[in-house]
Each structure stands twice: as structure tokens, then as C-alpha cells.
Amino acid sequence: MRMAGTTLGKLASLRCAAGYTQVTFVAAFAREAARLRIDASVSVRQLRRWESESPPPLPHPSQQAVLEAMFGLPLAEMGFDVPSHRYSTVERIGDDGEVKRRSFVTGPGAIAAAAVLPSGQGPRVGASEVAAFRARLADLYTVDHRSGGIPAKARATQLEQEITRVLNSSVYMSRVGRDLHTMLCELACHRAWFGYDGGPPEQARAACMEAMTAAQLIDEPLLQVRALNTLSLLSADTGRMWEAASAVENAYSLARRAGAGATVHLVISLREASAATHAGDSASAGRALSRAVSYQGRTDTDTDVPRWARFAGPVEVDYATAAYYTGKGQLTRAVPFLRSAVVGLGGGYTRNTAWYRARLAQTLFDTNEVEEACHEMMGVLDACNGVSSEKLRRRLHTFERIAVRADVPAARDTVERIRETTRGGDR
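Sequence positions in the sequence shown follow my numbering and run 34 to 460.
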């Protein structure tokens with residue numbers, strides 16, 4: 034590659050092919066180092082020396098790790114004289130034929146590798162491809178919150194297939210491979226949660242087991258905790274009370290060993306309260322709620338909260354408290370906590386708002402506040418357009434069954450509206 038009459042070396046060719054200037058590369062290097070949690074940096078001056086001197090100065094081991102992650106290449110293939118003890122292993126798994134190469138959507142890292150490597154070596158996967166996959170993974174949270182588990186599950190399945198195809202047909206450094214395997218584990222956790230919302234439960238349960246196995250293989254205890262939390266919910270819903278309690282106990286143990294903060298422990302305590310409430314053990318549920326309140330009061334001390342745990346806060350504590358009082362048959366005491374939970378949910382949580390408000394409507398109806406209950410349910414129906422959630426659908430039908438017995442105009446109107454809304458089967 035030439036620029037302004039000057040032949041570029043391998044590192045400069047990689048940088049230019051990836052679309053970086055020297056200044057923007059330095060910034061991208063810093064971002065990747067932070068993501069990898071590696072204490073490494075590079076200056077424009079040092080980059081110029083790497084690109085212009087012959088032989089170039091050898092990067093430090095920490096810099097080497099970041100460079101290899103960014104370009105998906107061993108340092109020796111970037112133009113550096115690397116001593117044997119600093120060699121890195123390139124992982125190559127599966128058939129790397131032409132058809133699979135064409136099916137891989139390349140990013141700047143793969144394009145950069147293609148600029149300096151023979152085509153027979155196949156697609157190289159680096160930091161840019163990992164970042165693109167991770168952005169799509171993060172977007173699943175938004176889809177789930179706004180549209181429900183059914184469409185989110187479809188997207189998760191598609192993304193999982195693409196990452197699996199890349200793992201099977203591409204060439205990548207071991208650190209990149211670990212990132213891709215971690216994302217597959219996260220996707221299994223997602224599918225378990227989406228199955229809890231959208232069904233079927235046996236698929237959600239299988240995804241939980243898959244996620245726990247994957248998390249063990251890559252030694253990610255907090256992803257095991259996440260899978261166990263979902264398993265506890267599924268087990269309680271299907272009457273496996275011993276399993277729900279065991280999942281919580283194991284989640285606590287893993288969280289402690291991993292040094293997890295208050296927010297992760299808050300999520301576990303909420304699952305503990307749910308399991309105890311389902312089992313009719315109000316004493317244990319009350320103790321779990323007390324722990325949840327304590328953890329919630331300490332969440333501001335957390336410095337690194339996993340994305341999957343960031344939803345937990347006062348709203349979820351209120352909702353769990355309402356479930357506790359409902360389980361004890363004290364519906365009047367549950368109502369203010371349900372109101373608080375509904376009000377506390379911010380924008381973007383369309384599905385959860387519909388869940389919580391539907392529960393409020395049912396509880397109001399059970400306390401003979403029929404008019405207000407129907408008003409709340411009408412609000413759910415107004416807001417849930419575009420939400421595909423089997424759990425929400427069940428709650429709508431539950432309200433329909435109890436409201437059909439009330440001989441008042443508001444109840445009749447609400448029943449008719451529920452039937453119109455659910456007739457297409459997309460809630």
C-alpha cells in the first residue's frame with residue numbers, strides 16, 4: 034500500500050485499511066484497552082516509531098494484547114520481530130472454505146487483515162467485529178423492554194447463529210475467541226429470560242442449563258448467577274419449589290466467591306423472596322425482602338454492575354413486597370406498593386410497565402375496586418400495542434375471566450377490549 038509516494042509497512046497498512054488516522058487509532062487503542070481491562074496506552078509519537086522504524090521497537094506485552102485484539106492478528110504478522118516466548122496463538126476452528134468466508138460480514142479489522150494477508154488464510158476477526166456483535170447484544174435489552182420477549186428471542190437466535198458461524202469458520206486470537214464464547218453464554222442467558230416471558234417454559238429451562246454449562250466452561254461465575262436467577266423464576270412458576278430455593282442458594286454462593294456487589298445480591302434476594310412467596314413461606318419471604326431492602330440501600334457503592342442486573346432497584350423491591358402481601362392474602366396492603374412500582378418505572382420499560390399495571394388492575398378488582406381496576410386495565414391495553422409477551426397475554430386473560438362476572442358497564446367494556454386486543458394472538 035502506498036500513500037503520498039511512500040510505501041507503508043504492515044502496521045500502517047492495517048491501520049489505514051481499518052479507517053484510522055494515527056490520532057484516531059490512539060483513541061481507539063485506549064478504548065479497547067479499557068474494555069479489556071488492560072493497563073496499556075500508546076502515543077502518536079510511539080505509533081509513528083512503530084510504523085516508520087526498521088526494525089520497529091517491540092510493544093510491551095500489555096500493548097501487544099491490545100494490538101492483537103484490535104486486528105485479530107499475532108504481533109509477528111504486524112511487522113514486528115517477536116521473540117519466541119512472546120508468540121501468540123491464532124485459533125482456527127472449522128472449515129474455512131470460500132462459501133463460509135463470503136457469508137461473514139467483515140468489519141474494519143477483517144478488512145485490514147485482508148489488505149496484507151493472502152486470501153487463503155480466511156477471515157480474521159478482531160476488536161471491530163467483536164464490538165459490532167456486542168452492540169447488537171446490548172440492543173436486545175431495548176427490544177425486550179419495549180417489545181417483549183418474543184421478538185427479542187427471535188433476534189437473539191439470529192445473532193447466536195451468526196456468532197457460532199464466525200467461531201466455526203474464522204481465524205482469531207484467543208482473547209477474541211473468549212469474547213465470542215462469552216457472548217454466546219450471554220445469549221443463552223437472554224434466551225432463558227425471553228423464554229420466561231414468551232415461552233415455551235421447557236425451552237427456557239433448556240437455555241438456563243445451556244447458559245450455566247457455558248458459564249462454567251469460560252469461568253464466568255456472574256453469568257452462572259444470572260442463569261440461576263432465571264432458573265429460580267422458572268422453577269417457582271412450574272411448582273419446583275425445592276429447585277427454586279436451591280438455585281437461589283447456589284447463586285448466593287457464586288456471587289460471594291466472585292466478590293459481587295450489592296446490586297447482584299439485590300437481584301438474588303428478590304428471587305429468594307419470589308421463591309418463598311410461591312412456596313407459601315411468608316416468614317422466609319419476609320426475611321428475603323429485608324435483605325433486599327438492605328442491599329438496595331447499598332447499591333450506590335457499586336462500581337461495576339453487570340448489565341443484566343442494572344434493572345434492580347426500589348421499583349422491584351416494591352413489586353416483590355406487593356407479591357409478599359398478596360401471598361399472605363393482604364391485598365389492601367399490596368395495592369400501594371403496586372402503585373409505587375407502576376409509577377416508578379421509567380420510559381423504555383413498556384413491557385414491565387404493562388406487567389405491573391396488569392397486576393395492579395387484578396389486585397384492585399380483587400379488593401372490589403372494580404371501576405378503578407378497569408381503568409388501569411384500559412391503560413394497559415392502550416400502552417401495550419407492539420408488545421409480544423406470553424406472560425402479559427396470560428395476565429390479560431386472567432383479568433378477563435374475573436371481569437366477565439362483574440355486571441357493570443366498565444367491566445363489560447374492558448372484557449370486550451381485551452378480546453379485541455388478544456384476538457390476533459400477538460400479545
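We put the CB at the ideal spot given by N, CA and C, even for glycine.
Item, Value
"Continuous beta strand (DSSP E) stretch holding V420: start and end", "Premise fails: V420 is in no beta strand (DSSP E) and is neither H nor E."
"Entirely enclosed beta strand (DSSP E) segments - the segment 221-265, minimum 3 residues", "none"
"Any 3 or more C-beta pairs closer than 8 angstroms across the segment 404-412 and the segment 351-370", "no"
"Exposure label - T57; buried when at least 16 CB within 10 Å", "exposed"
"Alpha carbon of S46 to alpha carbon of S202, nearest angstrom", "25 angstroms"
"Proximity test, Cβ basis, 9 angstroms: V163 and chain C", "In the structure shown, chain C cannot be found, because there is only a single protein chain."
"A374 burial status per 10 Å Cβ neighbour count (16 or more: buried)", "buried"
"Cα-Cα separation, T400 to L364", "7 angstroms"
"Exposure of E86, with buried meaning 16 or more beta-carbon neighbours within 10 Å", "exposed"
"Beta-carbon proximity check, H311 vs D270, cutoff 9 angstroms", "yes"
"CA-to-CA distance, T336 to A60, given in whole angstroms", "24 angstroms"
"T296 versus G377 - alpha carbon distance", "18 angstroms"
"Buried or exposed (CB count within 10 angstroms, at least 16 for buried), H178", "buried"
"Of the residues A66, R320, H93 and D72, the one placed nearest Q79, counting alpha carbons only", "H93"
"Identity of the residue in S180, M103, P90 and V99 nearest P116 by Cα", "P90"
"Endpoints, beta strand (DSSP E) assigned at V204", "V204 to M206"
"Burial state of Q191, where buried means 16 or more other Cβ atoms lie within 10 Å", "exposed"
"Expected contact under 8 angstroms - CB spacing of E32 and C222 to nearest Å", "Absent from the structure is residue 32, since the part of the chain shown begins at 34 and ends at 460."
"Coarse secondary structure for R157, derived from DSSP in three states", "strand"
"Span of the alpha helix (DSSP H) around F58", "Q55 to L69"
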